[in-house]
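Student: Pasting a structure below so you can have a look.
2 protein chains.
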Amino acid sequence: MGNRERIIDAAIELMNRSGSAVGTNQMAEHLSISPGNLYYHFRNREQIVREILQRLRCDLDAVLEIEADQSLDASRLADCFAGGAKVLWKYRFFFSASLELVTRDEQLAEAYRDFCARGIDQVEKAFRRAVATAPGRLSPASTENRMIAVNLWVLWTSWPRYVDVLRAEPAGESEIFRSQHHLSLMLKPYLAPDYYTAVVTHMRELMRR
Amino acid sequence: MGNRERIIDAAIELMNRSGSAVGTNQMAEHLSISPGNLYYHFRNREQIVREILQRLRCDLDAVLEIEADQSLDASRLADCFAGGAKVLWKYRFFFSASLELVTRDEQLAEAYRDFCARGIDQVEKAFRRAVATAPGRLSPASTENRMIAVNLWVLWTSWPRYVDVLRAEPAGESEIFRSQHHLSLMLKPYLAPDYYTAVVTHMRELMRR
DNA sequence: GTCTATACGCCGATAGAC
DNA sequence: GTCTATCGGCGTATAGAC
Chain A
0 MGNRERIIDA
10 AIELMNRSGS
20 AVGTNQMAEH
30 LSISPGNLYY
40 HFRNREQIVR
50 EILQRLRCDL
60 DAVLEIEADQ
70 SLDASRLADC
80 FAGGAKVLWK
90 YRFFFSASLE
100 LVTRDEQLAE
110 AYRDFCARGI
120 DQVEKAFRRA
130 VATAPGRLSP
140 ASTENRMIAV
150 NLWVLWTSWP
160 RYVDVLRAEP
170 AGESEIFRSQ
180 HHLSLMLKPY
190 LAPDYYTAVV
200 THMRELMRR
Chain B
0 MGNRERIIDA
10 AIELMNRSGS
20 AVGTNQMAEH
30 LSISPGNLYY
40 HFRNREQIVR
50 EILQRLRCDL
60 DAVLEIEADQ
70 SLDASRLADC
80 FAGGAKVLWK
90 YRFFFSASLE
100 LVTRDEQLAE
110 AYRDFCARGI
120 DQVEKAFRRA
130 VATAPGRLSP
140 ASTENRMIAV
150 NLWVLWTSWP
160 RYVDVLRAEP
170 AGESEIFRSQ
180 HHLSLMLKPY
190 LAPDYYTAVV
200 THMRELMRR
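Those protein sequences? They're chains A and B, same order as listed. In case it helps, numbering that gives the first Met the number 0 puts the first sequence at residues 0 to 208. In case it helps, numbering that gives the first Met the number 0 puts the second sequence at residues 0 to 208.
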């Protein structure tokens, strides 16, 4: 594998471990290469982060992009939650530090706004599909669909940070996974009870490993 | 007013405007005093932030501490939401940057963990009281009360950051206030419809000004 | 209490040899 | 492609005069 890829991997690993303030020197040191070498492969620090966001976007699309003709049954929705948890864990530093990253790089900010807009759309669509498949005791008003999607998105993206703030020790995977139970609870009132319990059961299964 | 108070006020104002990375030099400059003078009043930068958290805690207690013998009617709950919005706006930098502040000061971290634990407890109590006062179509299971309280807390505390990330321009008060409508939506399934609409109506009234 | 001046450390980035 | 060496900027904090 080329040094370029290794630098990105190292950046993700180190930032997940120590926060987004990890410097280019530390990345180079961790790979036993020189700072100068790193700057041969990347114009600057920002460019590294931008490419990480590209990877993140791809991974999340694979999770949230629902096929048009497929019915959203409970196990498929559980896939979304479990996949969402994995993405959250893999790139947790990014979610934790999105604001700090974005304020130092306007180009990244634009890309991240796109990322959020697309993500919220996908969540809203998935929610509508789930409700259409198995409606619950309450049905959301038309404007409420979007608000609920935003609530889900904010809660999902904020979870790594919440965990980091409260825990003195570095966060474990299970604490990130817990977010998905909190998320699913927000859907519960709008879904049929048996459908909801099926989703939760599948989720637990998928995230056990 | 003494310089000590003025420094804290300046810190809040500047950090709300430019983010938590505002330096001691900038605070001093903004007040037309010298950096040395600032360090006469405070041991270090961290101490300033710690005192800001103390103020925040007091302000929030005034909003969330529900009197034991008072019934939680719709207008009182609306007070909580409106008061919560005001606190969120007044100290928005702190919510936006809690992790960064906390990671550089273990003493602050401990205080902030207390702050969160107490806040979540207060939210949970308020939620239980509201549900007891005006139960809706769904009633939360016993373990769900806490989870919902956590959801509310995370969403509430994460909102300023969410706004900062998405907006290129500095956030306005109204965008912060919008969070409360999203929060209240999470309660809706568990509250009687007329009670809920009364809460929302009061909220709008209170936050209009 | 308030000032001026400055030490110290850190990090991003570049120059230029190999 | 990879290295060594170094510049330049910024931010915290202190020393010591007034």
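Just so it is clear, CB atoms sit at the ideal spot from N, CA and C, and this is done for glycine as well. Quick caveat: nothing in here was measured; it's all calculated off a predicted structure.
For the alpha helix (DSSP H) that contains Y189/B, what are its first and last residues?
Tutor: Here Y189/B belongs to no alpha helix (DSSP H), and DSSP marks it neither H nor E.
Student: Can you check which of these residues, A131/B, S74/B, L63/B, A27/B, is closest to R5/B by C-alpha distance?
Tutor: Of the listed residues, the one whose Cα sits closest to R5/B is A27/B.
Student: Check each residue of the segment 106 to 135 of chain A: if its Cβ is closer than 8 Å to any Cβ of chain B, include it; give the result in chain order.
Tutor: Hits within the stretch, in order: A108, Y111, R112, C115.
Student: From what residue to what residue does the alpha helix (DSSP H) around N43/A run?
Tutor: No alpha helix (DSSP H) contains N43/A, which DSSP labels as neither H nor E.
Student: Is A225/B buried or exposed, if buried means 16 or more other CB atoms sit within 10 Å of its CB?
Tutor: A question about residue 225/B goes unanswered here, because the residues of chain B that appear run from 0 up to 208.
Student: Just to confirm the assignment, what range does the alpha helix (DSSP H) spanning L107/A have?
Tutor: Counting along the chain, the alpha helix (DSSP H) containing L107/A begins and ends at 105 to 132.
Student: Looking at A73/A: is its Cβ nearer than 9 Å to the Cβ of Y194/A?
Tutor: Yes, they are a contact pair.
Student: Since V162/A is in the alpha helix (DSSP H), which residue starts that stretch and which ends it?
Tutor: Start and end: 141 to 165.
Student: Please report the residue range of the alpha helix (DSSP H) in which G82/A lies.
Tutor: 73 to 89 is the extent of the alpha helix (DSSP H) around G82/A.
Student: Is A96/A close to chain B? Criterion is C-beta to C-beta, closer than 9 Å.
Tutor: Output row for A96/A: interface = yes.
Student: Check E168/A in the structure and name its three-state DSSP category.
Tutor: Coil.
Student: Cutting at 7 Å between CB atoms, please list the residues of its own chain near N144/B, excluding the five before and the five after it.
Tutor: Contacts found: E123, F126, R127.
Student: Which residues in the same chain have their Cβ closer than 8 Å to the Cβ of N36/A, if we skip the five residues on either side of it in sequence?
Tutor: Excluding positions up to five away in sequence, the list reads N2, A27.
Student: Give the DSSP-derived three-state secondary structure of S31/A in the structure shown.
Tutor: In the structure shown, S31/A sits in coil (DSSP, three-state: anything other than H, G, I, E or B).
Student: Let's test the definition: count the other Cβ atoms within 10 Å of the Cβ of Y161/A and tell me whether it reaches 16, buried, or not, exposed.
Tutor: Y161/A comes out buried.
Student: Could you name the residues of chain B that Y161/A contacts, counting a contact when the two beta carbons are closer than 7 Å?
Tutor: Here the neighbours are V153.
Student: Could one say the Cβ of E99/A lies closer than 9 Å to chain B's Cβ atoms, at least one of them?
Tutor: Taking Cβ atoms only, chain B reaches closer than 9 Å to E99/A, which makes this a yes.
Student: Whole angstroms are fine: how far does the CA of P34/B sit from the CA of R75/B?
Tutor: Cα-Cα distance, rounded: 45 Å.
Student: Buried or exposed for P286/B, going by 16 or more other Cβ atoms inside 10 Å?
Tutor: There is simply no residue 286/B to check, as chain B begins at 0 and stops at 208 in what is shown.
Student: Less than 9 Å between CB atoms is the rule here; does G22/A satisfy it with respect to chain B?
Tutor: Cβ-Cβ to chain B under 9 Å: no for G22/A.
Student: State the CB to CB distance for the pair F92/A and G18/A, rounded to an integer number of angstroms; the pair is presumed to be in contact (CB under 8 Å).
Tutor: So it is a contact: roughly 7 Å between Cβ atoms.
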